[in-house]
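A short worksheet on the structure shown next.
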Amino acid sequence: MQCKAAENAKQCNCSYEPCPRKGICCDCVAYHRDLGQLPACFFPENVERTYDRSIAKFVSLHLKG
Ligand code: SF4
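The sequence shown runs 856 to 920 under the numbering used here.
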């Protein structure tokens, strides 16, 4: 199977431009998983831009209140 990094990068919503993992989703997931976080694409754009990628933030966005 070919790596789809270039294709993935076209759909990546991450605004952190210097990141070397853009489009390399396996590395992106592993990086944020090790930090107790989720990748940018789990968040809407206004939240993604805050760089708060915590699981707590993700859950707060999806709690019904
Ligand atoms: S979500 Fe994190 S690892 Fe993934 S491209 Fe953005 S800054 Fe890089």
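Just so you know, even glycine gets a beta-carbon here, dropped at the ideal spot from N, CA and C. Since this is a predicted model, take the numbers as computed values, not measurements.
Rounded to the nearest angstrom, how far is the Cβ of residue i from that of residue j, given a contact under 8 Å?
i: residue 888; j: residue 882; result: Not a contact, Cβ separation roughly 11 Å.
i: residue 895; j: residue 878; result: Wrong, their Cβ atoms sit about 12 Å apart, outside the cutoff.
i: residue 900; j: residue 869; result: About 10 Å separates the two Cβ atoms, so there is no contact after all.
i: residue 893; j: residue 913; result: 5 Å
Among all the DSSP beta bridges, which residues are the ones paired with residue i?
i: residue 892; result: 909
Give a single yes or no on whether residue i has its beta carbon closer than 8 Å to a heavy atom of the ligand SF4.
i: residue 877; result: yes
i: residue 887; result: yes
i: residue 883; result: yes
i: residue 861; result: no
i: residue 904; result: no
i: residue 899; result: no
Starting from residue i, trace the alpha helix (DSSP H) in both directions and tell me its first and last residue.
i: residue 903; result: 900-903
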